[in-house]
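Structure first, commentary second.
Protein chains in written order, with the working numbering: chain A, 152 to 451; chain B, 6 to 300; chain C, 524 to 958.
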């Protein structure tokens, strides 16, 4: 019996590896190999365009610790992640719940909230440069209309990063909304009926039924949102180039600057590895705190 | 509340109250419109601006006296945008690239996600983390090495150069794994008792149930690669194999301030196929999956 | 020894290399020109002004290919200046650079550091390049008296002004000195209570370091040498302090973006704008008011730095390719083509003879603003041609921004920026010596 079980387990194991193989082949070639190379590069003086490389040891990492701009960039990155991810996921959750029904016009609403995801970042960035224009931009006109003070937005080192955060809520809420909507479709509808019959309020239904039922997806969205917050690169690149006064410079942009603009591949690799450690730490934190509370419908 | 106890049928069948609940639901719908309509219009403002600007003359775009709408819609901005680059060819290439990536990804992520969700094997957690590395590692740090790799494979300046680096997707694997784990194990147990093997269970039981997730992933994958600019710019040289965003780049990356009407016309051209596809698919998304919930 | 037409593989290049000495020993004897092996060239270029440039360049290349037997040029659009430089350097890294490319002139030392450029001094000297090219433009491709490229699309920053806004407040002349600039900017700033309606002046963000170098030159200082930057000099500190004074007076925006500042001007949100001459056509035709163009105001002297770029030729290619590449670069910068290019784009023609053509004279009558940029270029020089220029630019921009935002004093900011950049330049030079 136990021998039999062993054989089944071994069969399952082999099957699992076989199923992972296609992915692993591509990941090995286009993800792991570059990571290995970047670890090697980070220990050397590597210049883009020059085949010669020189051993440096830990020098790139020491440089990083003393790089004033690196710490500022890290702070900007953390600010962006810790504001844009919770805000856009909260917005997405509310939108998804509101739109998970058979109401008239839902198709219109879904498209209205999702379309920003489809706008190419170059174009979206340019449009928001216009929306944020201090002198004539619609956003400042609206603020004036509401009796609020006008802001210089992208021209002001205090407001430039928050401006990009606001824009990213517009751009990405629809994205998270779509994923959460897909998850809501898996929730048995009779659960809601029952709760409604029991007189449970909408808010309680959200907190006690919806959120626990879609917790695996919510967990996924939080992790992916955190990882995707590095996509901010596109907007920094199009809108501000990291300025003014480095206030919108984030790690991915800083890596791009060092590696491609300054050709300093060694230092850029050291930065990339630092980012990887930063992200692994964040993900570890998320999975330790939230991951344990995730409830999978299919598992008990 | 005990959420994982299966609900008994009698709990859902209560006709008189249900009617009241329908009425209340209708009211709730009305109330929702009050919030959703202004909010969605707010969301749509940039799109409206894009569409309107694409029909203006460049002198009208920033003239405060010109009003919101163009005096006469200048439809000639569209042909004039298309003349900047061979957009027809770019469109075909974009379709080839995004659909090939998607096809490859659907195969690799389905297989891998099933293994992570339902099979037990040593090194599972480690391997899963390794899959996620792909999402974590900044793309600009791998550009150089991937360029060198593709060159050694003789693929630089070919269409596959824009496809092969993206065939595996840690992101998609993670997304699908979460959905697979939502599928009650009783279903697969039952199928196994009927003599189905793992692949049959995957195909007949799991995939139909996670269609919403697959569709959501497909939409996101297509959108991402449809709009990718930097990587195609780096690995392609010939006009014959380039994609739409590069055409858009011609209008946006200007020394002199953007060529607004045509940039916006270009944006409309690039986005339209996606928008149309989305409107079609999100209908199916709703109709076919509305409360197919696992019961 | 017949290479097929489609073959641009490495083997093809290698065959080309091997064949070259043989062919050049017996030119046109064994192989008549039309039967000779076709030389294939790749040319990477950015699009700086508008999408139409892509069409214009493609048209020029088609014409070149049609009129030159034995040479086929493939034009490769490579994005912005930055993207182009990165694409070229990436292909240099794998040993397969394009034959020619069109980068920004500041990248000269970067490419020389990679030993990537063909020295074309002798060819140019036996040609009419040194006589007919306008000195300031030619100079942007010269390092230690050697020439490494043919200037193709030079630009400088100029002062754009809104003539309607000037008329409103009764000012008829563009400012000519820093002091006048300050006074004019104050007079043109419009506020409605606290809310700003119109700035007097915006200096195009993202390239404000380029304008700043102009200010240094106007104050009598070229703020860099071959291996160091000199931003800590009093002339430079004074220039930044002047900017800060204008910002504090509320008549100049503390920061902006490149696209945003052009929009601001067109929308009437700023009465004056420092932007590239390359923007002339766009600003002129897209603004709903009359656009004036003037020299950037002077202090001790007029002064500006050159933007735009020369066509450079790769060192690592066969002699036949180098020969063909020079022929192509020469053709792109000949009198007629430069005149046509200048009229179509707003860039400045690099040849004296181009400016003398009747078409150009007619153009100047029609668009007198173009003349201003041309005349200002007499007072201009190369822009920040130091190793690691790209990093130097970012550091300077950050120092300027932080000063204008009130985070640091002008002098402290410039001293520490100079320090940081000079250390970086030294590091890059040390590396080059090792390599």
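In this text, a Cβ means the ideal position worked out from N, Cα and C, and glycines have one as well. Being a predicted model, the structure only gives us computed values, none of them experimental.
The beta carbon of residue 911 of chain C lies closer than 6 Å to those of 947, 948, 951 in the same chain, with the five residues before and after it left out. Between residue 181 of chain B and residue 115 of chain B, the CB-CB gap stays under 8 Å. Burial is judged here by how many other beta carbons sit within 10 angstroms of a residue's own beta carbon; residue 377 of chain A has at least 16 and is buried.
Relative to residue 580 of chain C, the option among C:909, C:916, C:856, C:906 whose CA is nearest is C:856. Within the region 767-810 of chain C, the complete beta strand (DSSP E) runs of at least 3 residues fall at 793-799. One thing to note: residue 264 of chain A has its Cβ no nearer than 8 Å to the Cβ of residue 208 of chain A. Note on the region 136-198 of chain B: whole alpha helix (DSSP H) runs with a minimum of 4 residues are 148-157, 175-185, 190-198, in chain order. In the DSSP assignment, the residues bridged to residue 874 of chain C are C:656. The beta carbons of residue 876 of chain C and residue 858 of chain C sit about 4 Å from each other, so the pair counts as a contact at 8 Å.
Of the residues B:165, B:195, B:274, the one whose Cα lies closest to the Cα of residue 240 of chain B is B:165. At least 8 Å separates the CB of residue 354 of chain A from every CB of chain B.
Not a single CB atom of chain B sits nearer than 8 Å to the CB of residue 230 of chain A.
No residue range can be given for residue 694 of chain C, since it is assigned to no beta strand (DSSP E) and is classified by DSSP as neither H nor E. For the 8 Å CB-CB criterion, residue 449 of chain A and residue 188 of chain B form a contact. In the DSSP secondary-structure assignment, residue 718 of chain C is bridged to C:715. Annotation: residue 228 of chain A to residue 719 of chain C spans about 31 Å, alpha carbon to alpha carbon. Straight-line measurement puts the Cα of residue 173 of chain A at about 30 Å from the Cα of residue 336 of chain A. Rounded to whole angstroms, the separation of the alpha carbons of residue 303 of chain A and residue 312 of chain A is 12 Å. Under the Cβ distance rule, residue 167 of chain B does not count among the residues neighbouring chain A, no pair being separated by less than 8 Å. One thing to note: residue 671 of chain C has its Cβ no nearer than 8 Å to the Cβ of residue 567 of chain C. The CB of residue 233 of chain B never comes closer than 7 Å to any CB in chain C; the least such distance is about 13 Å. Proximity of the region 755-765 of chain C to the region 922-936 of chain C meets the contact definition, three or more beta-carbon pairs being nearer than 8 Å. Distance between residue 272 of chain A and residue 193 of chain B, taken at the CA atoms: about 42 Å. Where residue 563 of chain C is concerned, there is no enclosing alpha helix (DSSP H), although the beta strand (DSSP E) around it starts and stops at 562-568. Against residue 610 of chain C, the close residues of chain B are 238, 239, in the order they occur along the chain (beta-carbon pairs closer than 8 Å).
Secondary structure in the region 235-272 of chain B: the alpha helix (DSSP H) runs of 4 residues or longer, each lying completely within the stretch, are 235-240, 249-257 in chain order.
Around residue 83 of chain B, no beta-carbon contact reaches into chain A at under 7 Å, the shortest distance being about 15 Å. DSSP, reduced to helix, strand and coil, places residue 748 of chain C within a strand of the structure shown. About 5 Å separates the beta carbon of residue 137 of chain B from that of residue 175 of chain B, a gap short enough to meet the 8 Å contact definition. Residue pairing by DSSP places residue 682 of chain C opposite C:797, C:817 in a beta bridge. The residue from C:783, C:901, C:776, C:630 with its alpha-carbon nearest to that of residue 609 of chain C is C:630. Linking residue 264 of chain B to residue 717 of chain C through their CA atoms gives a straight-line distance of about 33 Å. Against chain C, a Cβ distance below 7 Å from residue 153 of chain B picks out 617. In this structure, the alpha-carbon of residue 217 of chain A lies about 53 Å from that of residue 258 of chain A. Nearest Cα to residue 616 of chain C within the set B:186, B:152, B:210: B:152. Leaving aside the five residues that flank residue 403 of chain A on each side, the residues in its chain whose CB is nearer than 6 Å to its CB run, in chain order, 381, 384.
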